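Read through the structure below, which is laid out as structure tokens, and then see the notes.
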Amino acid sequence: MQVIDLQANGLCKRFGKAAPVFLGLDFSIRQGDCVALVGANGTGKSTLLRCCLGLIAPDAGRISLLGMTMADLGPAARRDLRARTGLVGQKHNLVPRLSVLSNVIHGFLGRHSGPRYWVHSLAPAWARAAAMTALEKVGLADLALRRADQLSGGQSQRVAIARALVCNPRFLVADEPCASLDPQAGEEVMALFMTLVKREGVTVLFTSHNVQHALSYGDRILGLQGGRIAIDAPSADVTPLEMAKLYG
3 MQVIDLQANG LCKRFGKAAP VFLGLDFSIR QGDCVALVGA NGTGKSTLLR
53 CCLGLIAPDA GRISLLGMTM ADLGPAARRD LRARTGLVGQ KHNLVPRLSV
103 LSNVIHGFLG RHSGPRYWVH SLAPAWARAA AMTALEKVGL ADLALRRADQ
153 LSGGQSQRVA IARALVCNPR FLVADEPCAS LDPQAGEEVM ALFMTLVKRE
203 GVTVLFTSHN VQHALSYGDR ILGLQGGRIA IDAPSADVTP LEMAKLYG
């Protein structure tokens with residue numbers, strides 16, 4: 003039986019008196035799937051991602067993530083759930099003056115608090131070892147002690163990916179992970195990212211304005227338009243023309 007990692011039913015969200023961002027969204031994501039969330043600017047993609055992770059609450063509807071219903075969770079259970087998820091954003095959000103290794107160790111802060119997980123020199127040996135393993139996966143182990151502000155854009159995003167994967171999350175959200183990179187670096191980072199998450203068996207929901215990325219890396223396409231889901235289909239069944247209509 004196929005396990006469902008994310009189930010959304012009847013999701014609605016608006017901010018203030020503005021028109022609803024989305025109305026009555028229903029969809030599910032199976033364990034191990036990689037789903038591309040696409041749509042024009044302003045269609046609510048980032049807002050939907052934040053709702054799915056429990057960072058903001060929908061005005062109506064129900065979200066179940068990794069078998070847990072968001073609305074039913076207390077603070078401790080919500081923290082535990084977030085510790086099993088990860089986020090890679092457009093902005094790398096590295097601490098510039100700290101080392102690459104320290105920045106990856108920050109990925110443990112969802113599970114552990116305190117200064118031991120802020121600077122690599124104070125971190126437990128197991129945390130340093132796990133962070134080095136994550137850096138090896140993204141090809142940056144040799145830069146572990148370099149300051150983050152000395153990295154290129156592509157290297158910085160690789161560090162952000164290592165930070166997201168260091169805790170072995172089951173569910174990962176990526177919001178335009180290559181938007182801030184030049185085309186070549188973006189291709190390299192996207193290919194690396196998708197190779198790693200597939201190898202680790204992580205369930206992924208990612209947004210992209212790159213139609214080819216969505217069709218190439220997504221097992222399924224979720225297309226938002228006019229506050230509703232206009233496309234929900236395997237990527238092999240979606241044509242570039244159908245995708246283009248979302249941006250018309």
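Residue numbering for the sequence shown follows our numbering, beginning at 3 and increasing consecutively. All residues carry an ideal CB built from backbone N, CA and C; glycine is no exception. Just so we're clear, the structure is a prediction, and the values are computed from it rather than from any experiment.
For a test of the three-state rule: what should DSSP assign to residue i, helix, strand or coil?
| i | result |
| --- | --- |
| residue 210 | coil |
| residue 95 | coil |
| residue 17 | coil |
| residue 62 | strand |
| residue 181 | coil |
| residue 71 | strand |
| residue 7 | strand |
| residue 35 | coil |
To the nearest angstrom, report how far apart residue i and residue j are at their CA atoms.
| i | j | result |
| --- | --- | --- |
| residue 241 | residue 247 | 10 Å |
| residue 20 | residue 28 | 22 Å |
| residue 56 | residue 221 | 24 Å |
| residue 121 | residue 155 | 22 Å |
| residue 207 | residue 37 | 5 Å |
| residue 78 | residue 125 | 23 Å |
When burial is assigned at 16 or more other CB atoms within 10 Å of the CB, is residue i buried or exposed?
| i | result |
| --- | --- |
| residue 5 | exposed |
| residue 127 | exposed |
| residue 15 | buried |
| residue 43 | exposed |
| residue 3 | exposed |
| residue 243 | exposed |
| residue 160 | buried |
Assuming residue i and residue j form a contact by the criterion Cβ under 8 Å, report the distance between their Cβ atoms to the nearest whole angstrom.
| i | j | result |
| --- | --- | --- |
| residue 39 | residue 209 | 5 Å |
| residue 75 | residue 83 | 7 Å |
| residue 136 | residue 106 | 6 Å |
7 Å is my cut-off, CB to CB: does residue i come that close to chain C?
| i | result |
| --- | --- |
| residue 125 | This model lacks chain C altogether, as it is built from one protein chain only. |
ask   = At a cut of 8 Å, does the segment 126-142 reach the segment 165-184 through at least three beta carbon pairs?
value = Output reads yes: the segment 165-184 touches the segment 126-142.
ask   = Between the segment 149-166 and the segment 89-105, do at least 3 Cβ pairs fall closer than 8 Å?
value = Cβ pair count under 8 Å is three or more, so yes.
Inter-stretch contact at 8 Å, needing at least 3 Cβ pairs: the segment 222-238 / the segment 185-204 = Contact between the segment 222-238 and the segment 185-204 is absent, because fewer than three Cβ pairs lie under 8 Å.
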